[in-house]
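Peer 1: Provided herewith is a single structure, encoded as structure tokens, for subsequent inquiry.
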Amino acid sequence: MRRLPLAVVSFVAALATVAAVAAAPVSAAVSRPASVGASSLSTSHPKDRFALGDSVMLGAKKDLKGLGFAIVDAVESRQAYAGPGLIKQRGGNLPTNVVVHLGTNGTFPLSVCKKIVDTVGPDHRVFFVTIHVPRSWQKGNNQVIHQCDAAFADDRVHVIDWNSLANAHPKWLYHDHTHLKPAGARAFADLINSSVDQAIKVAHRRAVGSAGGTGSAGTVTP
């Protein structure tokens, strides 16, 4: 039940730099720490990562793809209950690391959350991103995400706490307090990417540790 409240510690140290980007002209050259990632400035080599979400993620689609997410399936008004079916449609083409940001547009039942994990399968990691939306279901949906995380093995499900980060940086959001301005889109994408990176590193260390004394190193799919 590993939780990644704000991804890696180094990401928090870089928040001031990201916030400064919000005030800079769009055409200005930007230099940011490696721990944050230059999501809007360059395109990384495609990684084994898939992102599923709604209009909030759609606002960061370009940034996520710039960080190496080969597939970003995000559309407006998507409901959480659509998640299991959309993942099932991927079949055997589903990448190892699956990021899900659903629940912005309505309730996110625990049964649906668990079904998403079961549909993804035991050989994958699922990263649920907490929601930030001024609606009555925000608190309940985020609680469901944590409950879902607690119901599965440590490295199978992870929580990425976008809600806390968005609360700390309201200027990253438009007037609806939900959707992402350019700086918010970069921060959203960087948080997700660094969280997945961190989970992979932890899994690799565990695999190497468990292989100690066996004469072979563990293998972790990035």
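Just so we're aligned: 480 in our numbering is position 206 of the sequence shown, and the numbers increase by one with no gaps anywhere. The beta carbon of each residue, even a glycine, is placed where N, CA and C say it ideally should be.
(1) Put Phe497 into one of helix, strand or coil per three-state DSSP.
(2) Taking Asn441 as the reference, give the member of Gly458, Ala425 and Trp411 with the closest Cα.
(3) Excluding five sequence neighbours on each side, which residues of the same chain lie with their C-beta closer than 7 Å to the C-beta of Lys388?
(4) Provide the residue span of the alpha helix (DSSP H) that contains Val394, from first to last.
(5) Would you identify the three-state DSSP class for His432, choosing helix, strand or coil?
(6) Would you check if there are 3 or more beta carbon pairs closer than 8 Å linking the stretch 405-414 to the stretch 360-370?
(7) Could you say which of Lys321, Val374 and Gly342 lies nearest to Val431 if we only look at CA atoms?
(8) Comparing alpha-carbon positions, which option in Arg399, Arg460, Ala325 and Ala477 lies nearest Lys445?
(9) Thinking Val346 and Ala325 are a contact (beta carbons under 8 Å), I'd like their distance in whole angstroms, please.
(10) Would Val330 and Leu454 be called neighbours here (beta carbons separated by less than 8 Å)?
(11) What does the alpha-carbon distance come out to for the pair Gly380 and Phe402?
(12) Suppose you measure from the CA of Lys362 to the CA of Asp337; what does that come to, to the nearest Å?
(13) Between which two residues does the beta strand (DSSP E) carrying Arg409 extend?
(14) Roughly how far, in whole angstroms, is the beta-carbon of Val400 from the beta-carbon of Val418, given that I think they are within contact range, below 8 Å?
(15) Would you list the one or two residues that DSSP bridges to Ile345?
(16) Given a cut-off of 8 Å on the beta-carbon distance, is the pair Asp328 and Leu376 in contact?
(17) Tell whether a beta-carbon distance below 8 Å holds between Ala463 and Ala344.
(18) Below 8 Å between beta carbons: does that hold for Asn390 and Gly357?
Peer 2: Result, derived from the coordinates:
(1) In the structure as shown, the chain begins at 275 and stops at 496. Residue 497 is therefore absent and cannot be evaluated.
(2) One-based indexing of the sequence shown puts residue 441 at position 167. Ranking the options by Cα distance to Asn441, first place goes to Gly458.
(3) Taking the sequence shown and counting its residues from 1, one reaches residue 388 at position 114. Closer than 7 Å at the Cβ level, and outside the excluded window around Lys388, lie Cys422 and Ala425.
(4) On the sequence shown, residue 394 is found 120 positions in, with the first residue counted as 1. First-last of the alpha helix (DSSP H) with Val394: Leu384 to Val394.
(5) In the sequence shown, the residue the question calls residue 432 occupies position 158. Look at His432 here: in three-state DSSP terms it is strand.
(6) Counting Cβ pairs under 8 Å, fewer than three are found: no touch.
(7) Mapped onto the sequence shown, residue 431 falls at position 157. Cα-wise, what sits closest to Val431 is Val374.
(8) Taking the first residue of the sequence shown as 1, we reach residue 445 at position 171. The shortest C-alpha to C-alpha distance from Lys445 to any of Arg399, Arg460, Ala325 and Ala477 is the one to Arg460.
(9) Looking up residue 346 in the sequence shown gives position 72. Looking up residue 325 in the sequence shown gives position 51. Sure, about 5 Å apart at Cβ, within 8 Å.
(10) Position 56 of the sequence shown, counting from 1, holds the residue named residue 330. Position 180 of the sequence shown, counting from 1, holds the residue named residue 454. Against a cut-off of 8 Å, the Cβ pair of Leu454 and Val330 comes out as a contact.
(11) The count along the sequence shown starts at 1 and reaches residue 380 at position 106. The count along the sequence shown starts at 1 and reaches residue 402 at position 128. For Gly380 and Phe402, the distance between alpha carbons rounds to 16 Å.
(12) Reading the sequence shown from its first residue, position 88 is the one you call residue 362. Reading the sequence shown from its first residue, position 63 is the one you call residue 337. Taking the Cα positions, Lys362 is about 25 Å away from Asp337.
(13) Numbered from its first residue, the sequence shown carries residue 409 at position 135. No beta strand (DSSP E) contains Arg409, which DSSP labels as neither H nor E.
(14) For the purposes of this step, residue 400 is taken as residue 126 along the sequence shown, with counting starting at 1. For the purposes of this step, residue 418 is taken as residue 144 along the sequence shown, with counting starting at 1. Not a contact, Cβ separation roughly 14 Å.
(15) The sequence position of residue 345 within the sequence shown is 71, counting from 1. According to DSSP, Ile345 bridges with Phe324.
(16) In the sequence shown, counting from the first residue as 1, residue 328 sits at position 54. In the sequence shown, counting from the first residue as 1, residue 376 sits at position 102. Taking the C-beta atoms as reference points, Leu376 is found nearer than 8 Å to Asp328.
(17) Here residue 463 corresponds to residue number 189 of the sequence shown, with the count starting at 1. Here residue 344 corresponds to residue number 70 of the sequence shown, with the count starting at 1. Contact: no.
(18) If you number the sequence shown from 1, residue 390 lands on position 116. If you number the sequence shown from 1, residue 357 lands on position 83. Checking the sequence shown, residue 390 turns out to be Ile, not Asn. Yes; because the gap between Cβ atoms is below 8 Å, this pair is in contact.
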